[in-house]
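Heads up: the structure comes next, in structure tokens.
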Amino acid sequence: QKEVEQDPGPLSVPEGAIVSLNCTYSNSAFQYFMWYRQYSRKGPELLMYTYSSGNKEDGRFTAQVDKSSKYISLFIRDSQPSDSATYLCAMSARGGANSKLTFGKGITLSVRP
Amino acid sequence: SAVISQKPSRDICQRGTSLTIQCQVDSQVTMMFWYRQQPGQSLTLIATANQGSEATYESGFVIDKFPISRPNLTFSTLTVSNMSPEDSSIYLCSVEAGPFYEQYFGPGTRLTVT
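Protein sequences, first through last, are from chains A and B. Under the numbering used here, the residue at position 36 of the first sequence is numbered 36, and the numbers go up by one with no gaps. Under the numbering used here, the residue at position 40 of the second sequence is numbered 1040, and the numbers go up by one with no gaps.
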């Protein structure tokens, strides 16, 4: 079993839809959780950074962590064509300097106008 | 955050040759990281480069194949040596920055080995 599993996709939704992107993990030591967005031919861009369980909201994006289920989600409200990208989840066991990140494979989202 | 640039952005190389990828950051950072991103695969950490010390390599990656330099706090290079088609990939550098030591990525170098 891989440490981090992410729905393989791809995912296609109409503009305005609510999108739910999910990752599961097996390592109970993970405490820091991130979502990156990667546009085609670009590097990953940090979207959300959360610690432990709970929700964090930033504009149309909400990150949710359920450590008891080892499950994290990224919700995108009122999705836009500009949200079309690959979304990567990442996590680490500790914060601070030199924290090794473990990534999911990423899911490609397409938002249709 | 940090602004990171990489050179070259892409290259096509012949088997058996070497390519050096440069990573430049707009501010001084302690840790720099080199990743490989292959189609359908997770981002994989190759090595961690701390200024003034030898790079630390992850399992499956060796210095002879991926030598790294870190001459100062804003610059690093990764060399892919004696390339084979299996080395075709996107190579990304990242740095830790911000209050939580979040990792920020460069735009990547797309390498094709023929």
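We put the CB at the ideal spot given by N, CA and C, even for glycine. Values in this document were obtained by computation on a predicted structure and should not be read as measured data.
query: Which listed residue (A:Pro81, A:Val19, A:Arg60 and A:Gln31) has its alpha carbon closest to that of lysine 100 (chain A); result: A:Gln31
query: Which of helix, strand or coil DSSP assigns to aspartate 1087 (chain B); result: helix
query: Buried or exposed by the 16-neighbour rule on C-beta atoms within 10 Å, applied to arginine 1015 (chain B); result: exposed
query: Neighbourhood of glutamine 6 (chain A) by C-beta, 7 Å cutoff - its chain only, sequence neighbours within 5 removed; result: Cys23, Cys89, Gly104, Lys105, Gly106 and Ile107
query: Outcome for alanine 97 (chain A) when other beta-carbon atoms lying within 10 angstroms are tallied against a minimum of 16; result: exposed
query: Chain A residues whose Cβ lies nearer than 9 Å to that of methionine 1031 (chain B); result: Ala97 and Asn98
query: Three-state secondary structure assigned by DSSP to proline 1071 (chain B); result: strand
query: In chain order, each beta strand (DSSP E) run of at least 3 residues that lies wholly inside the segment 1021-1073 of chain B; result: 1031-1037, 1044-1050 and 1068-1072
query: Interface residues of chain B facing lysine 42 (chain A) [CB-CB closer than 8 Å]; result: Pro1107 and Gly1108
query: Beta-carbon gap between serine 198 (chain A) and leucine 109 (chain A) smaller than 8 Å; result: No statement about residue 198 (chain A) is possible, as the shown extent of chain A runs from 1 to 113 and does not include it.
query: Phenylalanine 1100 (chain B) vs tyrosine 49 (chain A) beta-carbon contact at 8 Å; result: yes
query: Partner residues on chain B for phenylalanine 103 (chain A), Cβ-Cβ distance less than 7 Å; result: Ser1042 and Leu1043
query: Own chain, CB closer than 6 Å to tryptophan 1034 (chain B), minus 5 neighbours either side, in chain order; result: Ile1046, Ala1047, Leu1078 and Cys1093
query: Own chain partners of aspartate 1026 (chain B) with C-beta closer than 7 Å, once the 5 adjacent residues on each side are dropped; result: Ala1002 and Val1003
query: Buried versus exposed, by CB contacts within 10 Å (16 or more), glycine 43 (chain A); result: buried
query: Residues of its chain near glycine 1106 (chain B), where Cβ-Cβ distance is below 8 Å and the 5 sequence neighbours each way are ignored; result: Ile1004, Ser1005, Gln1006, Cys1023, Leu1092, Cys1093 and Ser1094
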